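Input: a single structure, listed below in structure tokens.
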Amino acid sequence: MLWKIIKEDLAAAKEKDPAARNKLEIIFTYGGFRGLVNHRFAHWFWQHKMFFIAKLLSAKARKKYGMDIHPAATFGKRVFIDHAVGLVIGETAEIGDNVTLYQGVTLGGTGKDTGKRHPTIKNNVMISCGAKVLGPVTIGEYSKIGSGSVVLKDVPPHCTVVGVPGRIVRQNGEKYNDDELNQKLPDPVLEEFDRLNSRISALEKIIDVNCSEYEINENLDEIKLDNKSKE
Ligand SMILES: CC(C)(COP(=O)(O)OP(=O)(O)OC[C@H]1O[C@@H](n2cnc3c(N)ncnc32)[C@H](O)[C@@H]1OP(=O)(O)O)[C@@H](O)C(=O)NCCC(=O)NCCS
């Protein structure tokens, strides 16, 4: 059974990585594939209550491949892990079939939840390099998480999420704009811009000038009325 799953992982790596020339190369040189095989064994020991051996195997993969997967985390079939380094997956994470995970992905906890505290990744999801999915959230089937995104809310199926905080930008290939479903996290830079804008408006009111009607040259020493205001 375990060998069958590993064979399927190998086939998935060959299919999904255009750089992979043959299966032998993957078996001997791909950290992601080797780390996943290591995890498959660690998980088997964990399921059979040999916790220490499971943890030892997991620690070995951390040292050898730079990926840290808790042996209790569950993986479906045909999973592809590319590059391995920096991948961190927590204890209660559940990963479905045909999922692709790139380097630097974290499927972690927020530090606030207990019990089931790591993400559930449904079938056919792709999580790009450096993306962080935190908390007991669910990423729906066929969704893609863009590189560098931070996702703290459930993502429906067939969506693309990008940015910090992660926002849904595509659903079923179409542009998406629904603030209800998008994450609302404090954005200190945007807040500072809002604050500056309201100060500028207040100052404009006091001196009775509308700055948007003026153009300032590169050296900031010449201010002139823009064309629109001249008309
Ligand atoms: C998210 C991703 C998978 C693209 O998914 P997609 O569904 O094809 O989405 P699109 O390319 O149409 O991009 C949708 C929008 O998000 C933007 N976008 C895409 N990826 C983004 C990212 N990582 N961060 C911010 N914005 C991003 C695009 O510019 C586009 O913006 P627009 O609507 O203004 O045109 C891809 O951009 C990505 O992040 N790939 C990384 C893969 C990876 O990890 N490679 C490492 C190999 S070693």
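Quick note: to get my numbering, add 1139 to the position in the sequence shown (first position is 1).
Glycine included, C-beta positions come from ideal geometry on N, C-alpha and C.
The model shown is predicted, which means the values in this text are computed figures rather than measured ones.
Distance between residue j and residue i (C-alpha atoms, nearest Å)
i, j, result
"L1175", "C1350", "59 Å"
"D1326", "L1163", "47 Å"
"R1334", "E1154", "51 Å"
"K1283", "L1342", "45 Å"
"I1144", "K1216", "6 Å"
"R1160", "G1235", "26 Å"
"V1328", "D1252", "28 Å"
"D1156", "F1191", "34 Å"
"V1289", "V1238", "18 Å"
"E1331", "I1339", "12 Å"
"R1201", "K1188", "21 Å"
"R1306", "T1259", "18 Å"
"G1274", "A1158", "33 Å"
"P1296", "G1229", "22 Å"
"S1337", "E1233", "46 Å"
"K1344", "C1298", "44 Å"
"M1265", "V1348", "51 Å"
Same chain, Cβ closer than 6 Å to residue i, neighbours up to 5 away in sequence not counted
i, result
"G1243", "G1225, C1268, G1269"
"H1178", "I1208"
"N1316", "none"
"N1263", "N1237, E1280, Y1281"
"Y1241", "D1221, S1267, C1268"
"A1372", "As displayed, the chain neither begins before 1140 nor continues past 1370, which places residue 1372 out of reach and without an answer."
Min CB distance residue i to chain C below 8 Å
i, result
"E1147", "Protein chain content of the structure displayed is limited to a single chain, and chain C is not contained in it."
Proximity below 8 Å, CB of residue i to CB of residue j
i, j, result
"G1247", "H1257", "yes"
"F1214", "L1196", "no"
"L1149", "I1166", "yes"
"G1279", "V1294", "yes"
"V1300", "G1285", "yes"
"K1261", "T1231", "no"
Sequence-distant residues of the same chain with beta carbon closer than 8 Å to residue i, five excluded per side
i, result
"W1185", "A1193, P1210, A1211"
"K1199", "N1177"
"V1227", "M1206, D1207, I1208, V1244, T1245, L1246, G1247"
"E1271", "The displayed chain sequence assigns Lys, not Glu, to residue 1271. Result list for K1271: V1244, T1245, G1247, S1288, V1289, V1290, in chain order."
"E1147", "K1216, R1217"
"K1314", "V1308"
"I1204", "Ile is not the amino acid found at residue 1204; the sequence shown has Tyr there. Result list for Y1204: G1170, G1171, R1173, G1174, N1177, A1223, V1224, in chain order."
"I1346", "none"
Cβ neighbours of residue i in the same chain (closer than 7 Å, five flanking residues each side left out)
i, result
"W1183", "L1141"
Please confirm if the stretch 1208-1225 is in contact with the stretch 1166-1173, defined as three or more CB-CB distances below 8 Å between the two stretches. In short, these stretches touch, since the Cβ pair count reaches three.
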